[in-house]
Amino acid sequence: MQIEKLNIDKLPESGIIKIFTGKGLDEKEPKKLDNIEGAIGTPFEFLSKRKDLESVNLNESHVEFNLEKFNIILILNESSHYSNRVVGRMIETKTLNDLQINTGKRWDCFELADFFRLNRSIFLNATDGPKLVTLLNNFKAKVDKELEQNKDNRANYNLQRRQVVESNLPESFKLRLQLFKGQEPVDINVEVDIDPASLECVLISPELADILQTSVRDIINEQLDKIKELCPELPIIEL
3 MQIEKLNIDK LPESGIIKIF TGKGLDEKEP KKLDNIEGAI GTPFEFLSKR
53 KDLESVNLNE SHVEFNLEKF NIILILNESS HYSNRVVGRM IETKTLNDLQ
103 INTGKRWDCF ELADFFRLNR SIFLNATDGP KLVTLLNNFK AKVDKELEQN
153 KDNRANYNLQ RRQVVESNLP ESFKLRLQLF KGQEPVDINV EVDIDPASLE
203 CVLISPELAD ILQTSVRDII NEQLDKIKEL CPELPIIEL
């Protein structure tokens, strides 16, 4: 194979020149990236680091948000075949999801005691958790004992059972919960609703319902304000 005469002005430091012959690799098309998904601050974090890249055309990009779906979506290069989406979601933490507050989930007392024993960190102080765990573990035995002592008065059995049940557990207790990933924990008051017949517990918190309703809008608005300040040219659309 004949190699044409080459004019080399300067040798590399190694003193070695590599000459390749033959057909080169085919030029590849740019790869369309998968959507990027993360916590609610993901679109802002992406823009703060990548908005000046040549591949990001802010004049052909926009932001969508949906309060009911708890998300913000940054759509980049919207008219391009290689358009990408950067999605930020308010992702419920595992602990909040497992607790099933305000969902009607019925907890067996022992099951709930085990959950709190393994998640002591969600109580405001170190003594509240163990106290509640002990109450729950001893709850059925204590109720049965008190009812046995009053077994002669069968006419008022159902009323007595309800009174005994209600007197042996606290009406409410405080928890410190991170509601969504990437957000600070909040203190909430949780009530225990006991079924006197089955002794199953349902966790209720009107306070949590209020916080969720207001905090979703506040958190999303905070992120949108940061995006507006960083990239005022981006249209923001509510779905």
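Numbering-wise (the working numbering), the sequence shown opens with residue 3 and increments by one. C-beta atoms are modelled at their ideal positions from N, C-alpha and C, and glycine is treated no differently. A quick note: this is a predicted structure, and the numbers were derived from the prediction, not measured.
For residue i, count neighbouring C-beta atoms within 10 Å of its own C-beta (all shown protein chains included) and say buried if the count is 16 or more, exposed if not.
i, result
"residue 115", "buried"
"residue 44", "buried"
"residue 223", "exposed"
"residue 271", "The shown model of the chain, from 3 to 241, leaves out residue 271, and the question about it has no answer."
"residue 21", "exposed"
"residue 99", "exposed"
"residue 101", "buried"
"residue 131", "buried"
Spatial neighbours of residue i within its chain, please: C-beta separation below 8 Å, excluding the five flanking residues on both sides.
i, result
"residue 226", "65, 67, 74, 238"
"residue 232", "46, 49, 50, 53"
"residue 230", "236, 238"
Could you pull out every residue in the same chain whose Cβ sits closer than 6 Å to the Cβ of residue i, ignoring the five residues on either side in sequence?
i, result
"residue 209", "190, 191"
"residue 76", "45, 65, 88"
For residue i and residue j, which I take to be in contact (beta-carbon distance under 8 Å), what is that distance rounded to the nearest angstrom?
i, j, result
"residue 128", "residue 91", "At roughly 33 Å, the Cβ-Cβ gap does not stay under 8 Å, so residue 128 and residue 91 are not in contact."
"residue 290", "residue 206", "Given a span of 3 to 241 for the chain in the structure shown, any question on residue 290 remains unanswerable."
Have a look at the options and flag the residue whose alpha-carbon is nearest the alpha-carbon of residue i.
i, options, result
"residue 185", "130, 93, 38", "93"
"residue 203", "139, 85, 236", "139"
"residue 177", "56, 97, 230", "97"
"residue 108", "81, 85, 200", "200"
"residue 141", "113, 241, 102, 228", "113"
"residue 63", "55, 181, 70, 81", "81"
"residue 220", "72, 78, 58", "72"
"residue 187", "85, 126, 36", "126"
"residue 217", "182, 38, 95, 111", "182"
Between which residues of its own chain and residue i is the CB-CB distance below 7 Å, once the five residues before and five after are set aside?
i, result
"residue 135", "115, 118, 119"
"residue 211", "104"
"residue 60", "53, 233, 235, 236"
"residue 175", "130, 134, 192"
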